[in-house]
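Each remark here refers to the structure printed beneath this line.
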């Protein structure tokens with residue numbers, strides 16, 4: 002877990018440094034605005050690419066599918082995600098944005114496909130391999146992007162080279178390490194594919210609605226106030242992903258244990274794990290709030306330059322939004338891990354509905370902060386529903402003693 006956290010944090014840092022380089026290596030906020038827009042659009046369909054397969058795989062305690070089958074599923078869902086993303090972009094985005102959107106999608110799909118190997122390694126207790134892979138991904142990402150963008154000022158070309166870099170990490174590191182555990186052939190039968198696509202569909206739709214709840218307000222900000230406004234907002238918001246990722250470091254390695262406790266009917270263990278995760282997320286939030294209050298302006302102006310000083314007021318609400326997103330993401334992942342997909346679907350729908358209803362009046366009233374307030378409100382509503390529904394379902398299950406008994410971990 003320590004290896005995984007260290008490698009993931011380094012990769013996250015490199016992702017953030019790209020937003021710094023886009024701003025530092027270009028004139029104005031336009032390139033940063035395009036990059037932020039591309040990320041926001043992709044995030045809407047990222048759940049289709051992921052298809053909740055990582056959560057499903059790490060909570061697959063009975064070896065339902067092989068590594069080759071999970072890789073095959075990843076390629077299928079990645080292709081489906083790109084098709085839907087480009088169809089959506091043709092309708093909603095300017096023509097000059099289509100190629101950077103496509104190249105960014107290729108890069109993210111390549112990185113997400115490697116998660117099939119990571120999930121296989123996590124179930125087998127070798128998260129050090131995962132951490133090293135993430136560190137390599139981060140190193141390749143920052144070196145390739147910095148070199149290509151600095152030399153060409155071509156954002157599309159830089160994004161395509163990131164895709165090639167992810168392919169190289171997979172070919173030379175991840176796939177050989179997957180073969181340490183088992184020989185595999187990438188592919189999956191149509192009956193198994195159909196079964197997984199149908200079974201996980203409610204959780205995927207829920208994740209799409211959650212991503213929309215957090216991404217659509219950014220798109221609306223670009224429509225309402227222009228690329229420069231979104232570029233400034235995206236620049237200030239980018240480091241806040243540390244809060245969300247830090248929370249994921251806490252709960253992702255534990256999802257298999259939540260599933261184990263659920264299948265055993267061990268309510269005491271389940272709620273104890275819930276308490277540990279909640280305490281960990283709260284601790285991250287306290288540290289981040291104190292950090293932005295004490296050092297936020299200094300660090301942002303040091304990294305981005307003095308022109309961002311006018312936007313420092315966005316930071317405290319952004320920390321709150323990151324905590325709200327982390328809360329909703331945890332509750333959504335937990336429901337998926339114990340296969341309560343209907344709860345995922347309802348919670349995601351509530352989050353999206355609240356976001357769509359709130360973003361226009363909140364942006365009108367609070368401008369850039371309106372995006373943040375819309376995200377906070379939607380995540381608290383969706384996550385709160387998930388928490389109450391999970392609590393009711395778990396209480397019913399544990400009181401009736403529906404556990405299957407001990408579950409072996411591979």
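In my numbering, the protein residues as written are 2 to 411.
We put the CB at the ideal spot given by N, CA and C, even for glycine.
This one's a predicted model, so the numbers in the text were calculated from it and none came from an experiment.
With 16 or more other Cβ atoms inside 10 Å of its own Cβ, residue 122 counts as buried. In this structure the region 157-165 touches the region 137-147; the number of beta carbon pairs closer than 8 Å is three or more. If you draw a straight line from the Cα of residue 238 to the Cα of residue 316, it is about 8 Å long. In this structure, the alpha-carbon of residue 118 lies about 13 Å from that of residue 76. Collapsing the DSSP output to three states places residue 257 in a helix. Taking a 10 Å sphere around the C-beta of residue 5, we find 16 or more other C-beta atoms and assign the residue as buried. Every unbroken stretch of the alpha helix (DSSP H) spanning 4 or more residues and falling wholly within the region 334-371 is given here in chain order: 342-367.
Within the region 287-315, no run of beta strand (DSSP E) reaches 3 residues while sitting entirely inside it. In the DSSP assignment, residue 31 falls within the alpha helix (DSSP H) that extends over 31-51. Here residue 299 is exposed, its C-beta having fewer than 16 other C-beta atoms within 10 Å.
Rounded to whole angstroms, the separation of the alpha carbons of residue 135 and residue 272 is 31 Å.
Of the other Cβ atoms in all chains shown, 16 or more fall within 10 Å of the Cβ of residue 60; this residue is therefore buried. In this structure, residue 252 lies near residue 331, with their beta-carbon atoms less than 9 Å apart. In terms of Cβ geometry, residue 156 and residue 32 form a close pair [threshold 9 Å]. Straight across, the Cα-Cα distance linking residue 353 with residue 168 is about 34 Å. The Cβ neighbour count for residue 63, taken over all protein chains shown within 10 Å, is under 16; the residue is labelled exposed.
In the same chain as residue 45, and ignoring 5 residues on each side of it, the C-beta atoms closer than 8 Å to its own belong to 86, 89, 209, 212, 213, 216 and 217, in chain order. When only Cα atoms are considered, residue 261 and residue 274 end up about 11 Å apart. Sequence-distant Cβ neighbours of residue 282 in its own chain, meaning closer than 6 Å and more than five residues away, are 248 and 327. Selection 120, 124, 204 and 70 evaluated against residue 55 yields 120 as nearest (Cα-Cα).
Using a 10 angstroms sphere on the CB of residue 138, the tally of other CB atoms reaches 16 or more, which defines it as buried. Note that the region 308-323 touches the region 282-293; at least 3 beta-carbon pairs, one per stretch, sit closer than 8 Å. In the three-state scheme derived from DSSP, where H, G and I count as helix and E and B as strand, residue 243 is classed as helix.
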